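Shown next, in structure tokens, is the structure this report addresses.
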Amino acid sequence: MDLETFSKYGGVNRVINYDVCIGCYTCEEVCSFIHEGKGYIVLYDIGGGLNKPISCFHCAKAPCVTACPTGAMHRDKDGAVLVDISKCIGCSACLAACPFGIPEIIPPGFATKCDLCNPLRSEGLTPGCVSMCPTRAIVWGTTAEVAKELRVRALKKLIYKPVP
Amino acid sequence: MKFAFMCKKGQAGGRGKVAVVGGGPAGLAATGYLVCYGYEVDVYEKLPLAGGMMMFGIPPYRIHRDSITEGIEDLEKNFGVKFSYRTKVFCGEPRHDEGDEFINNLIDLKKIVNEYDAVLLTTGIWSSRRLGVPGDNAKGVFSALEYVYSWWTYELGYTTHKPPVGNKVVVIGGGYSAIDAAEVALMKGAKEVYLTYRRTIREAPAGEYEVRRVVSEGVKWVELIQPTKVVVSNDKAVGVEFVKMRLGEPDETGRPRPVPMPGTEHVIEADMVLAAVGEIPTPPLNTECDGVKVDPKRKTIIVNERMQTGIEKVFAAGDVVTGPSMIGKAIGSGLRAATHLDHFLRAKKVV
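Right under this line is the structure:
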């Protein structure tokens, strides 16, 4: 697959396997540490005492990229959806378009969201939330690798019975 | 886990020597940060393996041990971190905490402070609150933490002593420790497990979902009861006497205060009682050590806004500073302390 097609259809991505997430806040804490106090993977109380994280899905057909009138919302070579703040006008079109409510407009008026730890990726490292998740709930890789890992996990659940 | 998530390889070193006392989530996260910035780090750990509560408290079906050991091995092999296991660091007359039965070495905290450029204290919360009722020291009464970690150390081969399997087990508490203790007791073969809490399922710190999950596995949930005594026969627990509670006005935590209803005392038979009524911080000192001070009420280490103790080169982070919290919060605290420690040593070099 050529690079353009690769990045267009997801590239590398991160999927949260909610079954194994224990809501320990490691991803949020590490993310906010890396991004000077602002977390881009954040846990919310969804009732019943459950806290689960949500972050940008870096969609293959990202509605925020389509909706952005200035081309600020774009995709990098790995497939991550990023904001070019020099082009962003803070219009909230991306937020309106996002099915998950992910982009945020912050002062002085531009959109901000998860960058899949762009500086770390440029050094060949994985995003902080992926590296530090104690339960391996955050699966990372090319879309094919992520699919394989999730399928193997599903198989294990089908085959193994819990041993006392 | 990759604790050194900020770099592929450590820098050449030479930035200074740092001792991390306590190899749990806060200590390991700080270690990962410091090796990426070129520090030489030694970790002192009282248990036979690092990971702290992630390894010996939280059950392996929640956090896979492989995930933690891979991170520890990465620090050891790729970043030259030295782990001293079964080593307790303490200042003054050592206090007995949970997990201390694995100790081979005792090192004076003052010696560590002298030998290193900086020290980070991340010793966590290895002491369980007692029930505080008559009979709470009878045979068959354990803290939830003590009971679960004795299973994990047994399974990992660090002890040949197999922990007891209860017949009728009563767990007291409504937090994650209580949930885990009840589930482990059931998995290990207990016939009946009662999970008892003094408020209702709505106030249980572990949350309604977790309570309902263990109930679906066979745990019996009994709410609005509080233990008044452990019934003891021949030094052994044979039951727990409870009093029924009702919810009163909100207390200082904002939750309704449970109020006992006299005359409603009743006994639940049990041959094993697991107390999960909270953990207490376990700093490596009693009240004071050359300026490092412990909050007399909370038992936490007192730090300033830069996470520095009374000795400027000694920092502290994690649950021993905040009190019982979450793995992630301890990791965040460890990372922030490591940043302050780094800034402190850099500033010192400039001067």
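Each protein sequence line maps, in turn, to chains A and B. Quick note on numbering: the numbering used here labels position 68 of the first sequence as 62, and the sequence is numbered without any gaps. Quick note on numbering: the numbering used here labels position 104 of the second sequence as 340, and the sequence is numbered without any gaps. From the three backbone atoms N, C-alpha and C, an ideal C-beta is built for every residue, glycine too. Quick caveat, the model's predicted, so the values are computed rather than measured.
query	result
A:Ile16 at chain B interface by Cβ criterion, 7 Å	yes
From A:Cys111, A:Arg69, A:Cys123, residue whose alpha carbon lies closest to that of A:Pro47	A:Cys123
Touch test, the stretch 439 to 449 of chain B against the stretch 38 to 53 of chain A, Cβ-Cβ under 8 Å, three pairs minimum	yes
Burial state of B:Asp416, where buried means 16 or more other Cβ atoms lie within 10 Å	buried
Selected residue, minimal CA-CA separation from B:Ile461, among B:Pro486, B:Tyr433, B:Gly288, B:Gly475	B:Tyr433
Neighbour list for B:Phe241 in chain A, Cβ cutoff strictly below 8 Å	Val24, Leu114, Leu119, Thr120, Gly122, Ser125, Met126
Simplified DSSP assignment, three categories, for B:Asp578	helix
7 Å Cβ shell around B:Val528 - same chain, five flanking residues per side excluded	Leu521, Ile537, Thr545, Gly546, Ile547, Val550
B:Tyr445 in three-state terms, based on DSSP	helix
Any C-beta of chain B under 7 Å from that of A:Thr129	yes
Proximity of A:Gly31 and A:Glu22 at Cβ, strictly below 7 Å	no
Candidates A:Asn11, A:His29, A:Asn112, of which the one nearest A:Arg145 by Cα	A:Asn11
Entirely enclosed beta strand (DSSP E) segments - the stretch 316 to 378 of chain B, minimum 3 residues	318 to 320, 323 to 326, 341 to 344, 354 to 357
Any C-beta of chain A under 7 Å from that of B:Arg298	yes
Residue range of the beta strand (DSSP E) that includes B:Met290	Note, B:Met290: premise wrong, no beta strand (DSSP E); alpha helix (DSSP H) at 289 to 292.
Bridge partners - B:Ala244, DSSP secondary structure assignment	For the sequence presented, residue 244 of chain B should be read as Lys rather than Ala. Partner(s): none; B:Lys244 has no beta bridge.
Contacts around A:Ile100, its chain only, beta-carbon distance under 6 Å, and the 5 residues preceding and following it disregarded	Thr106
Outcome for B:Ala512 when other beta-carbon atoms lying within 10 angstroms are tallied against a minimum of 16	buried
Start and end residues, alpha helix (DSSP H) containing B:Ala265	261 to 272
Where the beta strand (DSSP E) containing A:Arg147 begins and where it ends	Counting along the chain, A:Arg147 falls outside any beta strand (DSSP E), though it belongs to the alpha helix (DSSP H) covering 137 to 153.
Residue-chain proximity (B:Met562, chain A), Cβ-Cβ < 7 Å	yes
Proximal chain B residues relative to A:Leu44, where beta-carbon distance stays under 7 Å	Gly443, Tyr445
Beta carbon of B:Met481 nearer than 7 Å to that of B:Pro492	no
Sequence-distant residues of its chain with Cβ nearer than 7 Å to B:Glu505 (five each side left out)	Lys404, Val474, Gly475
Own chain, CB closer than 7 Å to A:Pro128, minus 5 neighbours either side, in chain order	Cys18, Thr20
Whole-angstrom distance between B:Ser413 and A:Pro158, CA atom to CA atom	Residue confidence for A:Pro158 is low, a pLDDT of 47 falling below 50, so the modelled location carries little weight; the figure read from the coordinates is stated next. Spanning the two alpha carbons is a distance of roughly 19 Å.
Contacts of B:Met481 in chain A (Cβ-Cβ under 8 Å)	Under the 8 Å cutoff, chain A gives no residues; its nearest Cβ is about 20 Å from B:Met481.
Beta carbon proximity, A:Tyr19 to chain B, threshold 7 Å	yes
Cα-Cα separation, B:Thr523 to B:Gly258	18 Å
Short Cβ contact (7 Å threshold) for B:Lys465 with B:Pro399	no
Buried or exposed by the 16-neighbour rule on C-beta atoms within 10 Å, applied to B:His579	exposed
Whole-number beta carbon distance between B:Leu345 and B:Val325, since they are thought to touch under 8 Å	5 Å
Selected residue, minimal CA-CA separation from B:Pro496, among B:Phe241, B:Gly484, B:Glu488	B:Gly484
Whether B:Tyr390 touches B:Pro284 by CB criterion (7 Å)	no
Simplified DSSP assignment, three categories, for A:Asn112	helix
CB contact check: B:Lys427 to chain A, cutoff 7 Å	no
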